[in-house]
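Have a look at the structure below before the remarks.
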Amino acid sequence: MSNSHLFLKSGFPRAPLQNGLGRYVCQLQRITLKFCKNNGSSRGMRDFIENHLVDFAKENPGIVVYVKPRRHRTPVLVGEYLNGEREWLNCRNNTKDEISKWIELLKTQNGCSSSLRLRKMWHTDVPSVQGPWTPFLLRSPDANSIEYPNIDASKPLDIPKTATDKLIELFKKQKLEAGDGAEDLLKQKRAE
Amino acid sequence: MSFLRSVAGIILVAKPLTSIGTAQTQRNIKRWVAPTLRELRHRAKKQGPQKPESRSGYVEWNYRSELFAFGKRLQESFQLPVLQAAFTQPSYVHQERERQRKLGIEEVDLQATDNTELAAKGAHIAKAYVEAYLQHSLPKMPSAGQQAIAAYLLSDNTLAYVALHLGTKELIFSAEYPPTTETLAQTLQAVIGALSDSSGVERAFIFVRDFVCTQLNQKDLLDLWKPSEPIKLLTEVCQQRNLGDVEPRLLGDCGKNTVLAAYHVGIYANRQLLGKGFGEDVNTATETAALDALQTLFDMHDNRQPFNFQLQVEPKNVRLA
Chain S
0 MSNSHLFLKS GFPRAPLQNG LGRYVCQLQR ITLKFCKNNG SSRGMRDFIE NHLVDFAKEN
60 PGIVVYVKPR RHRTPVLVGE YLNGEREWLN CRNNTKDEIS KWIELLKTQN GCSSSLRLRK
120 MWHTDVPSVQ GPWTPFLLRS PDANSIEYPN IDASKPLDIP KTATDKLIEL FKKQKLEAGD
180 GAEDLLKQKR AE
Chain F
0 MSFLRSVAGI ILVAKPLTSI GTAQTQRNIK RWVAPTLREL RHRAKKQGPQ KPESRSGYVE
60 WNYRSELFAF GKRLQESFQL PVLQAAFTQP SYVHQERERQ RKLGIEEVDL QATDNTELAA
120 KGAHIAKAYV EAYLQHSLPK MPSAGQQAIA AYLLSDNTLA YVALHLGTKE LIFSAEYPPT
180 TETLAQTLQA VIGALSDSSG VERAFIFVRD FVCTQLNQKD LLDLWKPSEP IKLLTEVCQQ
240 RNLGDVEPRL LGDCGKNTVL AAYHVGIYAN RQLLGKGFGE DVNTATETAA LDALQTLFDM
300 HDNRQPFNFQ LQVEPKNVRL A
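Residue numbers (numbering that gives the first Met the number 0), protein chains in the order written: chain S, 0 to 191; chain F, 0 to 320.
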């Protein structure tokens, strides 16, 4: 995201009207092709209208197509969506293939995508199916009968061993390994 | 002053013509642009906010094509005259009659029919189908809950939302623009009626399922219907289903006698845990637990199995009488 997008409207990818759950409804409701009949910048648009427009209208009977010639102006695509949004596309000097691609884009999106910054690429209304965590979750039943203040329950769960404890443990371990002979040796040493 | 300026402009334009002889106009900073824009903005501000213009006022507008595309978009085949009647509000017919009378036409020969009958028919179909669908999808829920959910689905707000997102806003013939919530809702009902007239009542049922019933998706059913006295209702339900006596028990608490006290109460019946709930005191926690138990018994939890929107409710199960 660059600085120029800071004030752009932001949102999440959403299907309007639960589209596709029951049946799919194409969200582009009408498209207007504006072009000039003799200016060179409209050449691609004129080619598109001559070669592909009738096929497009036949394939997509749910989209109303308006063609609007106007003198010496840039060719323009205007798509209107079912949610009331209107998208304006400049097609100056575009070829007919490029125009086909732009129209395909308008046909497959559900709103004016260029005026929406997606905050995330996904969205859910129910973030956790199992519910939020609470301190009571998976608590031992014993915890209910404890009388407070309680010395055992007030201790921290992880008290680290002190250096003395570690030394004593080491010493006992050595004693076990050496057996009784070591005990005598230790006594002799002390007597000396 | 302006005269002087125009004279100066003429002189400036004339100068290169006389000196060089080519027809090249001088390019300046256009000093008229900013004042003009300022003036336009000033006038617009003086006039106040304007009403939104309807799309049908544009040059590129063909009502017949729009009607045709409306049906095709929804993958339905409408009879266009019936569909047009469905989009004609009584207020529009009235307005047209008044206008003709003002113009001095004695015999008003306006043949336009309004959508009152179609709307009544559509509302009847929608109500019957939604009730049958809920009966099928939420079999464990009591009829009060099903009625509350059906009332939500058939409320003006929901229907108007659906109608707006099906693109009816620009097609409606109505005295006011933009159409009100009631107008939009009535139009959707009329469209359902028109569909039933055009391609049979079964298509109308599927239309209602696909566009109205799908509004239930991911909705918290407790938002749509919340029993006012959950403990009483739970007691009744447990008696009916022979589950035993309802018994709330404290599962845990913390922060007793403080501002942040929390109680965790479980509801048992016949030594079985039915539901758990939290609250800042024991009564609230018991109510929450009872709601939780009811949600389990009625199968209306958040994490219930999603609704099946491909469901074919048999037409004989829909009470259209």
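A virtual CB, placed ideally from N, CA and C, is assigned to each residue, including glycine.
Beta-carbon proximity of residue i to residue j, cut-off 7 Å
| i | j | result |
| --- | --- | --- |
| Asn-316/F | Ala-131/F | yes |
| Phe-86/F | Leu-170/F | yes |
| Ser-1/S | Arg-118/S | no |
| Leu-242/F | Val-264/F | no |
| Gly-274/F | Ala-292/F | yes |
| Ala-125/F | Ile-191/F | yes |
| Ala-162/F | Asn-114/F | no |
| Leu-220/F | Met-299/F | yes |
| Asp-196/F | Val-81/F | yes |
| Phe-34/S | Pro-74/S | yes |
Per-residue contacts from residue i into chain S (C-beta, under 8 Å)
| i | result |
| --- | --- |
| Val-161/F | Leu-16 |
| Leu-250/F | Phe-135 and Asn-143 |
Spatial distance of residue i from residue j (CA atoms)
| i | j | result |
| --- | --- | --- |
| Ser-144/S | Asn-282/F | 21 Å |
| Thr-167/F | Ser-142/F | 33 Å |
| Pro-305/F | Ala-284/F | 28 Å |
| Ala-203/F | Leu-183/F | 18 Å |
| Arg-40/F | Gln-46/F | 10 Å |
| Leu-184/S | Lys-154/S | 41 Å |
| Arg-321/F | Lys-44/F | This structure leaves residue 321/F out entirely; chain F is present only between 0 and 320. |
| Glu-286/F | Ile-230/F | 6 Å |
| Ala-14/S | Leu-215/F | 14 Å |
| Asn-302/F | Thr-123/S | 13 Å |
| Val-207/F | Val-129/F | 8 Å |
| Leu-7/S | Glu-84/S | 15 Å |
| Phe-55/S | Tyr-57/F | 23 Å |
| Val-258/F | Ala-159/F | 45 Å |
| Glu-59/F | Lys-67/S | 7 Å |
| Trp-101/S | Thr-31/S | 13 Å |
| His-4/S | Gly-254/F | 47 Å |
| Ile-98/S | Arg-63/F | 27 Å |
| Gly-20/F | Glu-103/S | With a pLDDT of only 48 at Gly-20/F, under the threshold of 50, the placement of this residue in the model should not be trusted; the figure read from the coordinates follows. Spanning the two alpha carbons is a distance of roughly 52 Å. |
| Ala-193/F | Met-44/S | 39 Å |
| Pro-177/F | Pro-89/F | 16 Å |
| Pro-140/S | Ala-261/F | 17 Å |
Residues near residue i by beta carbon distance below 6 Å, same chain, minus five either side
| i | result |
| --- | --- |
| Cys-212/F | Tyr-132 |
| Glu-86/S | Gly-78 and Cys-111 |
| Asn-82/S | Pro-15 and Gly-110 |
Contact set between residue i and chain F, taken where Cβ atoms lie within less than 7 Å
| i | result |
| --- | --- |
| Leu-20/S | Thr-213, Asn-216 and Phe-308 |
| Ile-62/S | Ala-68 |
| Cys-25/S | Arg-72 |
| Lys-194/S | Because chain S in this structure spans residues 0 to 191, residue 194/S falls outside the shown range and cannot be described. |
Neighbourhood of residue i by C-beta, 8 Å cutoff - its chain only, sequence neighbours within 5 removed
| i | result |
| --- | --- |
| Glu-65/F | Glu-169 and Leu-170 |
| Asn-50/S | Lys-95 |
7 Å Cβ shell around residue i - same chain, five flanking residues per side excluded
| i | result |
| --- | --- |
| Ala-147/F | Leu-223 and Trp-224 |
| Gln-173/S | none |
| Asn-156/F | Thr-180 |
Beta-carbon neighbours of residue i, restricted to chain F and to distances below 9 Å
| i | result |
| --- | --- |
| Leu-81/S | Arg-72, Leu-163, His-164, Leu-165 and Gly-166 |
Per-residue burial, residue i [other beta carbons within 10 Å of its own, 16 or more giving buried]
| i | result |
| --- | --- |
| His-71/S | exposed |
| Lys-188/S | exposed |
| Val-245/F | buried |
| Tyr-147/S | exposed |
| Tyr-23/S | exposed |
Neighbour list for residue i in chain S, Cβ cutoff strictly below 9 Å
| i | result |
| --- | --- |
| Ser-136/F | Neighbours of Ser-136/F on chain S: none; closest Cβ ~14 Å, over 9 Å. |
Interface residues of chain F facing residue i [CB-CB closer than 8 Å]
| i | result |
| --- | --- |
| Thr-31/S | Glu-59 |
| Val-128/S | Asp-301 and Asn-302 |
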